[in-house]
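Numbering (UniProt numbering), first residue to last: 1 to 345.
Quick reminder that beta carbons are idealized off the backbone N, C-alpha and C, glycines included.
The model shown is predicted, which means the values in this text are computed figures rather than measured ones.
All remarks here apply to the structure that follows.
Right, dumping it as structure tokens:
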């Protein structure tokens with residue numbers, strides 16, 4: 001399943017990171033809707049709000065359906081037909097939606113058939129692996145290029161920072177009885193775990209019971225375009241995009257992330273396995289925090305003096321876990337250390 005994410009970019013940088021080509025081939029950045037509600041975080045869970053992409057036509061009927069907008073929505077879909085006066089009274093969990101039942105369950109079917117498709121944005125998501133000594137968290141994300149390690153440029157220049165993870169979602173609009181503001185909510189679609197993800201967590205589908213696997217990840221702008229453009233791409237075509245992907249990498253992180261109240265760069269920082277209690281920092285691994293600091297203004301992180309001392313120097317040693325050499329050598333500032341090995345399932 002997908003029960004925890006990170007999205008640490010500031011609103012302006014998030015908009016730049018979502019730039020795209022419209023139907024005419026023009027370079028565009030999605031317009032923010034309710035930008036003031038967006039709060040960056042290294043540790044987002046269900047019932048919190050998060051950024052999503054959707055077609056502008058959902059908000060303006062005469063708009064080009066290929067145009068995109070950014071909107072902050074609450075995680076955990078509340079169906080439009082829900083009759084109670086408080087969405088917290090919903091009796092079932094709608095933070096994730098299984099791909100094999102999304103066209104049959106009434107919570108999602110109506111919204112999906114109406115084209116209410118969105119893309120949920122994140123730096124990456126967390127998954128926990130059951131081990132003999134407890135659960136080990138991992139941070140999972142897209143492979144990053146060398147450009148992503150450089151300091152981001154300002155203005156409308158092409159984004160060269162962190163590549164956001166783009167997950168397929170369904171959204172809906174719920175209006176409370178009587179007077180009240182429309183509530184926009186979303187769910188993340190999940191699929192069977194990919195070959196590499198089974199190392200962490202395997203989805204076992206049994207009769208009447210299934211354990212969720214991984215989020216449905218849309219890899220590339222063409223997949224994003226087809227998923228969002230509900231006027232041009234019908235539901236039956238769009239759902240073919242919902243497949244497991246191998247285009248992900250991951251690294252172990254501290255159990256510090258287990259507590260959702262913890263919201264600093266330490267949540268995503270790689271750790272050395274087997275050294276959780278007392279972490280010894282390697283002086284060369286300073287680039288990660290540098291990127292996290294420069295990636296946004298007004299981010300959720302504390303002032304430098306308030307951060308744990310070790311967060312200025314991050315750790316990584318090669319392990320059999322699947323990792324990304326670009327990230328672990330460049331993003332983490334590797335200097336003359338052995339390249340990380342890719343896990344083979």
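Reference residue i, options the options, closest by Cα
i, options, result
"residue 32", "12, 97, 248 and 233", "12"
"residue 135", "200, 62 and 48", "200"
"residue 8", "121, 27, 129 and 226", "121"
"residue 244", "261, 262 and 194", "194"
"residue 247", "159, 253, 54 and 144", "144"
"residue 46", "95, 91 and 28", "95"
"residue 262", "92, 41, 158 and 242", "41"
"residue 255", "76, 133, 17 and 99", "133"
"residue 15", "34, 172, 4 and 25", "34"
"residue 113", "98, 234 and 57", "234"
"residue 18", "219, 229, 239 and 163", "163"
"residue 51", "75, 58, 62 and 43", "75"
"residue 57", "102, 237, 115 and 123", "115"
"residue 241", "159, 223 and 26", "223"
"residue 271", "218, 172 and 139", "139"
"residue 182", "78, 26, 157 and 23", "78"
For residue i, the three-state DSSP class (helix, strand or coil)
i, result
"residue 235", "helix"
"residue 32", "strand"
"residue 18", "coil"
"residue 174", "strand"
"residue 157", "coil"
"residue 227", "helix"
"residue 73", "strand"
"residue 127", "strand"
"residue 82", "coil"
"residue 103", "coil"
"residue 87", "helix"
"residue 93", "coil"
"residue 163", "coil"
"residue 268", "coil"
"residue 58", "helix"
"residue 108", "helix"
"residue 250", "strand"
"residue 26", "coil"
Inter-residue spacing [alpha-carbon to alpha-carbon] between residue i and residue j
i, j, result
"residue 87", "residue 146", "44 Å"
"residue 67", "residue 85", "33 Å"
"residue 30", "residue 69", "5 Å"
"residue 179", "residue 80", "15 Å"
"residue 185", "residue 175", "11 Å"
"residue 253", "residue 266", "8 Å"
"residue 6", "residue 260", "11 Å"
"residue 264", "residue 161", "19 Å"
"residue 346", "residue 226", "An answer regarding residue 346 cannot be provided, because it is not within the stretch 1 to 345 covered by the chain."
"residue 249", "residue 196", "9 Å"
"residue 55", "residue 65", "6 Å"
"residue 228", "residue 53", "8 Å"
"residue 62", "residue 258", "45 Å"
"residue 92", "residue 24", "43 Å"
"residue 236", "residue 110", "14 Å"
"residue 239", "residue 172", "17 Å"
With 16 other Cβ atoms within 10 Å as the buried cut-off, status of residue i
i, result
"residue 131", "exposed"
"residue 118", "buried"
"residue 231", "exposed"
"residue 60", "exposed"
"residue 123", "buried"
"residue 100", "exposed"
"residue 22", "exposed"
Own chain residues within Cβ distance below 6 Å of residue i, not counting five before or after
i, result
"residue 188", "2, 96, 120, 167, 169 and 215"
"residue 98", "190"
"residue 108", "97, 102 and 170"
"residue 158", "none"
"residue 219", "245 and 247"
"residue 129", "136 and 200"
"residue 177", "85"
Neighbourhood of residue i by C-beta, 7 Å cutoff - its chain only, sequence neighbours within 5 removed
i, result
"residue 20", "28, 68 and 221"
"residue 37", "49 and 72"
"residue 82", "90 and 174"
"residue 142", "163, 165, 247 and 248"
Own chain partners of residue i with C-beta closer than 8 Å, once the 5 adjacent residues on each side are dropped
i, result
"residue 104", "none"
"residue 4", "43, 44, 45, 125, 126, 257 and 260"
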